Amino acid sequence: MQTDTEADGTALGDTPGWIVAMDVGGSGSRLTAEFRDGGRQREGITITLEGEPVKMLPEGSNAAQVVRGLCETFLYWVKNAEYHFQQPPHVLAAAVGTTGLTTVVPSASEIHDIMGSMLQTNRTAVAGDALTAHMGALRGRAGAVLSVGTGAVAFSFDQKGRWHRADGWGHLLGDLGAGVWVGTEALRAATAAHDGRTRGKSERLLEVATQKLGPVASWPAQLYMSSDRAAKLASFAPAVMSAAAAGDTTAHGILVEAGRHLAATLATALSPDIPQLASITGRLAHRPSPLTESLHENLMQERPGVRLVPCEGTPLDGARVLARRLAADPSSVVGYRPWLTVRVDGRHTTGEHADMGADMFSSMSTAQFSATELPDVLPDTPGLA
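The numbers in the numbering used here rise by one with no breaks, and the one at position 363 of the sequence shown is 351.
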């Protein structure tokens, strides 16, 4: 059987079909799908679709419903695309990286069920977004990756196939230095200015927050009763960046402290048994600011020998690598509970009770990632990036 070899070392079969990958987070969700015809990706048939952000409900995260919405958008696009695809589309494999998998997602099995039934595929993988971020950023190499978005978590992988996590405990218990933490500190500075306190106040942040949320007295009800509180709080992080750039000393101090927190999280993941290789992913940590300066300075103080490298890809890229490998060789993708569960032919792969072996990532060491491009689509297609 003739095969084509992907850049990540994956040997692709000659069965035409879709490879679907998703990234689900507090600031939004995305799906990328690539159609492969005879083992080769058709030029222009790689799509990226957008979906809703995760919300917190009384019973936990609604990540499963967000995945359902992404799958519905994908099926709608395939049905209405100008190309004549098989109906229903043949999906070779699907993988998703989601926030809060180990803490607030009620059931990974429900997500497997949704992908399996809606996409009619018997190969699915559900991973924590910290794991897919690591796979995308370091291309499977041992080391640590700090993911900074709405929340913050550092995930490290050693040369013996063991994973380690630091932070990622959610905005009530952790996520120190992340967008939600920065936004929370911004509103505290705003309320300090409203009250007339002299310590930690920011008139500029009060003005911005009042324009966005209305009267200060209404803020507690808006935030405490919100199902997407973390995302709302994190949405103030850009305002803190702007205020700091304009000379607001309180905003500047918030970002410096955020950098200290993030450096401590990454340094914790870089324990002595972890190769001192690290990368940082997330727009908040990539934009030059007092936060990034503080992060780098404090990291070098805590881990002087660390080698900080640019990330090679996003969490969505990591999910794509996972889906490609699952499509090409499902036996090579072994579950690592609770961070990764893999279902093939209705059964979970063996070895899920143990740490994920390094062999899974050895052939990813030369992976290359490239941005996806939208093909021509119907103007009424919902959810397009």
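Idealized CB from N, CA, C, for every residue including glycine. Treat the numbers as computed from the prediction; the structure is a model and nothing was measured.
Whether residue i touches residue j by CB criterion (7 Å)
| i | j | result |
| --- | --- | --- |
| Ala121 | Pro263 | no |
| Ala225 | Pro278 | no |
| Leu250 | Gly167 | no |
| Gly165 | Ala234 | no |
| Ala12 | Gly48 | The sequence given here has Val at residue 12, not Ala. Contact: no. |
| Ala221 | Gly270 | Strictly speaking, residue 221 in this sequence is Leu, with Ala absent from that position. No. Outside cutoff. |
| Thr138 | Gly14 | yes |
| Ala142 | Ala130 | no |
| Thr253 | Ala96 | no |
| Ala377 | Arg291 | Residue 377 is absent from the structure shown; the chain starts at -11 and stops at 373. |
| Gly301 | Gly124 | yes |
Inter-residue Cα distance where the pair is residue i and residue j
| i | j | result |
| --- | --- | --- |
| Val196 | Ala227 | 7 Å |
| Ile33 | Trp65 | 12 Å |
| Asp146 | Ala174 | 37 Å |
| Ala316 | Gly156 | 31 Å |
| Val54 | Ser17 | 8 Å |
| Ile7 | Thr61 | 15 Å |
| Ala9 | Lys200 | 34 Å |
| Leu107 | Thr20 | 14 Å |
| Val244 | Arg185 | 21 Å |
| Ala307 | Thr280 | 26 Å |
| Arg217 | Leu296 | 32 Å |
| Asn286 | Pro260 | 17 Å |
| Val309 | Ala69 | 25 Å |
| Gly323 | Ala132 | 20 Å |
| Asp236 | Ser190 | 7 Å |
| Pro46 | His72 | 43 Å |
| Thr198 | Trp207 | 9 Å |
| Ser215 | Gly293 | 42 Å |
| Leu37 | Met44 | 22 Å |
Under the three-state DSSP convention, the category residue i falls into
| i | result |
| --- | --- |
| Asp117 | helix |
| Glu285 | helix |
| Met213 | coil |
| Arg325 | coil |
| Ser97 | helix |
| Glu22 | strand |
| Gly124 | helix |
| Phe62 | helix |
| Thr36 | strand |
| Arg153 | strand |
| Ser320 | helix |
| Ala234 | coil |
| Ala178 | helix |
| Ser15 | coil |
| Ile102 | helix |
| His341 | With a pLDDT of 37 at His341, under the threshold of 50, the modelled position of that residue is not reliable, and the figure given next carries that caveat. His341 falls in the coil class under three-state DSSP. |
| Val141 | strand |
| Val379 | For residue 379 there is no data in the structure shown, the boundaries of the chain being -11 and 373. |
| Ser267 | strand |
| Leu80 | strand |
Presumed contact (8 Å Cβ cut-off) between residue i and residue j, rounded CB distance
| i | j | result |
| --- | --- | --- |
| Met229 | Arg192 | Contact doesn't hold; Cβ gap of about 12 Å is too wide. |
| Leu194 | Ala178 | 4 Å |
| Pro4 | Arg24 | 6 Å |
| Ser105 | Ala257 | Not really, about 36 Å apart at Cβ, beyond 8 Å. |
| Leu126 | Gly85 | At roughly 15 Å, the Cβ-Cβ gap does not stay under 8 Å, so Leu126 and Gly85 are not in contact. |
| Ala113 | Ala83 | 4 Å |
Neighbourhood of residue i by C-beta, 6 Å cutoff - its chain only, sequence neighbours within 5 removed
| i | result |
| --- | --- |
| Arg111 | Ala81, Leu314, Pro318, Val332 |
| Ile268 | Leu134 |
| Leu399 | Because the chain is modelled from -11 through 373, residue 399 falls outside the range shown and cannot be assessed. |
Neighbourhood of residue i by C-beta distance below 7 Å, restricted to the same chain and skipping five residues each side
| i | result |
| --- | --- |
| Ala219 | Gly14, Ser15, Pro41, Thr138 |
Close-in-space but distant-in-sequence residues of the same chain around residue i (CB under 8 Å, 5 per side omitted)
| i | result |
| --- | --- |
| Pro94 | Glu47, Gly48, Ser49, Ala52 |
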